[in-house]
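Engineer: Position one of the sequence shown corresponds to residue 681 (the working numbering), numbered consecutively onward.
By construction, the Cβ of each residue, glycine as well, lies at the ideal position given by its N, Cα and C atoms.
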Amino acid sequence: MLIHPQFDPVAIHLGPLAVHWYGLMYLLGFALFLTMGKYRLKNGNDVLTVPQLDDMLMYGAVGVVVGGRLGEVLFYQPGYYFSHPLEIFMVWKGGMSFHGGFLGVLIAVALYGRKVGRGFWQLTDFVAPLVPLGLAAGRVGNFINGELWGRVASPDLPWAMLFPQARLEDIAEAQQSADLMNMLMQYGGLLRHPSQLYEFALEGIVLFGALWIYSAKPRATGKVSALFLIGYGLARFISEYFRNPDAGIFGKSDVISMGQWLSLPMIVIGLALLVFFGRRKQG
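1. Name the DSSP bridge partner or partners of H693?
2. Would you give the residue range spanned by the alpha helix (DSSP H) that I893 belongs to?
3. Let's see if you can read the secondary structure: which residues bound the alpha helix (DSSP H) around K903?
4. Could you check which residue in G709, P945 and F957 has the C-alpha nearest to that of H779?
5. Taking one C-beta from the stretch 856-863 and one from the stretch 693-700 each time, how about it: are there three or more such pairs within less than 8 Å?
6. What number of angstroms, rounded off, separates the C-alpha of P812 from the C-alpha of Y760?
7. Which residue from W701, G740 and R720 puts its Cα closest to that of P898?
8. Sorted by chain position, which residues of the same chain lie with C-beta nearer than 8 Å to I910's C-beta, five sequence neighbours on each side aside?
9. Put R923 into one of helix, strand or coil per three-state DSSP.
10. I'd like the span of the alpha helix (DSSP H) that includes Y761, first residue to last.
11. Whether or not the stretch 881-893 and the stretch 836-848 are in contact is what I'm after, with contact meaning three or more pairs of Cβ atoms, one per stretch, closer than 8 Å; do they touch?
12. Between the alpha carbons of M863 and L837, how many angstroms are there, rounded?
13. With respect to the alpha helix (DSSP H) encompassing K795, which residues constitute its N-terminal and C-terminal limits?
14. Counting pairs of Cβ atoms below 8 Å between the stretch 868-884 and the stretch 910-925, do you hit three or more?
15. Rounded to a whole number of angstroms, what is the C-alpha to C-alpha distance between N822 and Y702?
16. Nearest by alpha-carbon distance to A711: which of P731, L754, Y792 and L810 is it?
17. Quick one: give me the first and last residue of the alpha helix (DSSP H) that V745 is part of.
18. So the alpha helix (DSSP H) L860 belongs to, where does it begin and stop?
19. Closest to G717 by CA distance: which of A840, G902, L803 and M770 is it?
20. Round the Cβ separation of H873 and G830 to the nearest angstrom and send it over; I've been treating them as touching at under 8 Å.
21. Sort P765, E879 and L871 by Cα distance to W839 and report the nearest one.
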């Protein structure tokens with residue numbers, strides 16, 4: 681049995697200022713975006729200049745924060761936030777939705793494309809391989825914070841983990857069966873999948889490798905973007921079976937979670953775009 685280390689969510693104290701690990705993971709994600717983006721620009725991809733890449737990152741960062749927050753509000757907790765509207769702006773308290781942030785980035789890319797005279801799919805093809813490492817950094821932040829823990833796992837699983845932060849939820853879930861109650865009594869909590877690390881691997885490392893390799897050769901415009909939609913959608917859909925489901929606007933379900941509902945359109949649209957763009961010539 682492993683026990684979550686319960687890291688201090690604050691990485692650095694600078695007088696009255698507290699720098700959180702999760703914020704540092706966002707900065708790391710942006711830094712990786714710039715580093716890998718500049719590498720691509722120096723190795724034959726001329727869709728943007730380096731200064732334009734810097735500018736587009738600023739657009740994207742705003743899209744991530746605004747879209748991610750609004751996604752959390754609209755997809756997951758509309759009742760709470762509409763009752764406490766001022767808390768919508770308290771992003772430092774946490775609560776960001778990937779799917780909302782993704783929509784925010786798409787809008788940001790479209791606006792920046794109009795500004796510099798570049799096609800939407802040209803830009804998304806360039807951006808897609810740069811995103812997964814940022815997602816990986818975000819999942820590390822989730823793990824450090826001990827949030828978004830997984831579903832109950834078998835005690836025989838070598839990496840099953842006890843999350844002390846989930847104590848109240850453990851007690852509530854343990855009332856559902858004698859086996860869970862025995863686990864609670866034996867270990868002091870329910871052993872769970874460290875689903876943040878599964879998502880780190882699937883949405884981050886595996887997806888990055890697939891997109892980086894696929895985009896290394898010339899492809900028809902739009903096909904890299906289509907693969908991102910399919911790849912992320914599948915990675916998130918699979919990992920959600922190991923992540924404790926969020927309630928969302930459709931209620932809490934162990935059959936299909938809110939994250940899976942939001943990922944299904946990505947898979948379907950990605951497949952449709954892959955077929956559509958596959959009929960075009962490379963360029």
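Structural biologist: Taking the definition as stated:
1. Here residue 693 is taken as the residue at index 13 of the sequence shown, counted from 1. Secondary-structure assignment with DSSP links H693 through a beta bridge to A698.
2. Numbered from 1 along the sequence shown, position 213 holds the residue referred to as residue 893. Boundaries of the alpha helix (DSSP H) harbouring I893: L887 to Y894, taken from the DSSP string.
3. As a first step, residue 903 is located in the sequence shown; it is residue number 223 there, counting from the start. Unbroken alpha helix (DSSP H) run through K903: K903 to S919.
4. As a first step, residue 779 must be located in the sequence shown, where it is residue number 99. Comparing Cα-Cα distances from H779 to each of G709, P945 and F957, the minimum goes to P945.
5. At 8 Å Cβ cutoff, the stretches do not touch.
6. One-based indexing of the sequence shown puts residue 812 at position 132. One-based indexing of the sequence shown puts residue 760 at position 80. Taking the straight line from one Cα to the other gives about 31 Å.
7. The sequence position of residue 898 within the sequence shown is 218, counting from 1. Ranked by how close their Cα comes to the Cα of P898, the residues W701, G740 and R720 have R720 in first place.
8. The residue given as residue 910 occupies position 230 in the sequence shown. The answer, listed in chain order, is M946, I947, G950, L951 and L954.
9. In the sequence shown, residue 923 corresponds to position 243, counting from 1. In the displayed model, R923 falls within a strand according to three-state DSSP.
10. Within the sequence shown, residue 761 is the residue found at index 81, counting from 1. Looking at the DSSP string, the run of the alpha helix (DSSP H) that includes Y761 is P758 to S763.
11. Flag = no, the stretch 836-848 and the stretch 881-893 do not touch.
12. What you label residue 863 is simply residue 183 of the sequence shown in a count that begins at 1. What you label residue 837 is simply residue 157 of the sequence shown in a count that begins at 1. Their Cα atoms are separated by approximately 13 Å.
13. Counted from its first residue, the sequence shown places residue 795 at position 115. For K795, the enclosing alpha helix (DSSP H) starts and ends at F778 to V796.
14. A contact exists between the stretch 868-884 and the stretch 910-925.
15. Within the sequence shown, the letter at position 142 stands for residue 822. Within the sequence shown, the letter at position 22 stands for residue 702. Approximately 7 Å between the Cα atoms of the pair.
16. For the purposes of this step, residue 711 is identified with residue 31 of the sequence shown, where counting begins at 1. The residue among P731, L754, Y792 and L810 with its C-alpha nearest the C-alpha of A711 is L810.
17. As a first step, residue 745 is located in the sequence shown; it is residue number 65 there, counting from the start. It spans V730 to G751 - the alpha helix (DSSP H) in which V745 sits, taken as one unbroken run.
18. Counted from its first residue, the sequence shown places residue 860 at position 180. Here the alpha helix (DSSP H) through L860 covers A858 to Y867.
19. For this step, residue 717 is matched to residue 37 along the sequence shown. Nearest option by C-alpha distance: L803.
20. On the sequence shown, residue 873 is found 193 positions in, with the first residue counted as 1. On the sequence shown, residue 830 is found 150 positions in, with the first residue counted as 1. Distance from H873 to G830 at the Cβ level is roughly 3 Å; contact confirmed, criterion being Cβ atoms closer than 8 Å.
21. Here residue 839 corresponds to residue number 159 of the sequence shown, with the count starting at 1. Measuring C-alpha to C-alpha distances from W839 to each of P765, E879 and L871 identifies L871 as the nearest.
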